[in-house]
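In our numbering, the protein residues as written are 154 to 511.
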């Protein structure tokens, strides 16, 4: 078994920027091991942030134009990253940026053309990890649970707090995972209304108070009643959540405080539903893990037998990029990297489309 040297690239629904992680992967006694060797985050300019956010409204022609341009942009960033760190790279595994996610219609679309990316950086690229699962009747999400199972099996629950909160755990020999609901997407939406990208450490949220009417409306959203497998995208946020925020006349601090309590109540409910009475570990990554007030609030709402584990900052910030790099490795090995028990597809699959530079 060779050692793989791979760059994972991830752009999440919170629209804060591009994450890149150069990772080593190898097998030791039939277990996958990894090491993150170099990382880089690139914040989006306001113009690019708006382009990606508004891509959902573009015509097919304009969407494909952005798809190609963004792919070339990703390739240029990968090329810079490789040069800056003098990296020997086997390939690049790119998630792209999700502009459309409507699994009920059998469609999902990640911006960032793999061929343009490969041509711009001069390296093999593996991307488009979701659409094959859609063709098999699945949600095409979440995908990170394969990494949770094979790289982070020491933990009972893996919770990611990106734009959306999603959870992953083993149940009766199967990996179960789904989007719980809101996380940074609503918090960042509120802070951007006053010109801030995010609420550092949750300081503003901590100083606020609960708006009971807003909390009830959020808690009563129909999505929370649906059985898993299930996933949500930006469309759902625009249609179901933004109107609640916009019609709630209250201070920024109170809106944030209420949103944090909503997020934590829904997470705590799902963890409680799926945990036993014995001590268990909840592993938390994603940008929300850096929100001190959110983590404090979640601990208060969880049962005392649940130990919250927040890892080092590198894992918090780059776990998704790491897992997409790993999904590329599994694709190269023709091993399963998308689980039917997670997505609801007809079968497990080894997903990802390979592009070679021209």
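Virtual Cβ for every residue (Gly too), placed ideally from N, Cα, C.
| Item | Value |
| --- | --- |
| Alpha carbon to alpha carbon, how far is residue 425 from residue 418? | 10 Å |
| What residues are listed by DSSP as bridge partners for residue 508? | 278 |
| Going along the chain, which unbroken runs of the beta strand (DSSP E) with 3 or more residues stay wholly within the stretch 438-499? | 459-462 |
| Tell whether a beta-carbon distance below 8 Å holds between residue 165 and residue 265. | no |
| Could you spell out the range, first to last residue, of the alpha helix (DSSP H) harbouring residue 218? | 213-238 |
| Should residue 493 be labelled buried (16 or more other beta-carbon atoms within 10 Å of its own) or exposed? | buried |
| Taking all protein chains shown into account, do 16 or more other C-beta atoms lie within 10 angstroms of the C-beta of residue 473, making it buried, or fewer, making it exposed? | buried |
| Ignore the nearest five residues each way along the sequence and tell me which others in residue 302's own chain have a CB closer than 6 Å to its CB. | 328 |
| Quick one: is residue 212 buried, meaning 16 or more other Cβ sit within 10 Å of its Cβ, or exposed? | exposed |
| Can you list the beta strand (DSSP E) stretches of 3 or more residues lying completely in the stretch 292-321, in chain order? | 310-314 |
| Spell out the partners DSSP gives residue 329 in its beta bridges. | 322 |
| Going by DSSP, name the residue or residues bridged to residue 431. | DSSP output for residue 431 lists no bridge partner at all. |
| Would you kindly report the start and end of the unbroken alpha helix (DSSP H) that includes residue 413? | 405-426 |
| Output yes or no for whether 8 Å exceeds the beta carbon distance between residue 508 and residue 271. | yes |
| Measuring alpha carbon to alpha carbon, tell me which of 312, 357, 333, 376 ends up nearest residue 459. | 312 |
| For residue 179, which residues of its own chain have a beta-carbon under 6 Å away from its beta-carbon, when the five flanking residues on both sides are left out? | 156, 186 |
| On the CB-based measure, 16 or more other CB atoms within 10 Å of its CB, does residue 326 come out buried or exposed? | exposed |
| Rounded to a whole number of angstroms, what is the C-alpha to C-alpha distance between residue 481 and residue 279? | 6 Å |
| Could you give the residue range of the beta strand (DSSP E) that holds residue 370? | From DSSP, residue 370 is part of no beta strand (DSSP E) but of the alpha helix (DSSP H) over 365-372. |
| So the alpha helix (DSSP H) residue 360 belongs to, where does it begin and stop? | Here residue 360 belongs to no alpha helix (DSSP H), and DSSP marks it neither H nor E. |
| What is the C-beta distance between residue 338 and residue 167, in whole angstroms, given that I count them as a contact (C-beta under 8 Å)? | 6 Å |
| Under 8 Å: do the stretch 281-299 and the stretch 197-211 share three or more Cβ pairs, one atom per stretch? | no |
| With residue 344 as the anchor, note down where its alpha helix (DSSP H) starts and where it stops. | 337-345 |
| Would residue 441 pass as a contact of residue 336 if the rule is Cβ separation under 8 Å? | yes |
| For residue 192, list the residues DSSP reports as bridge partners. | 174 |
| Go through its chain and collect everything with a Cβ distance to residue 461's Cβ below 6 Å, but skip five positions before and after it. | 435, 452 |
| Is any heavy atom in the ligand HEM found nearer than 7 Å to the beta carbon of residue 423? | Looking at this structure, you won't find the ligand HEM or any other ligand, since it has none at all. |
| Less than 8 Å between the C-beta atoms of residue 174 and residue 479, yes or no? | no |
| Below 8 Å, can you find three or more Cβ-Cβ pairs linking the stretch 401-415 to the stretch 368-387? | yes |
| Which stretch, first to last residue, makes up the beta strand (DSSP E) that contains residue 159? | 157-164 |
| Rounded to whole angstroms, what is the Cα-Cα separation between residue 465 and residue 500? | 35 Å |
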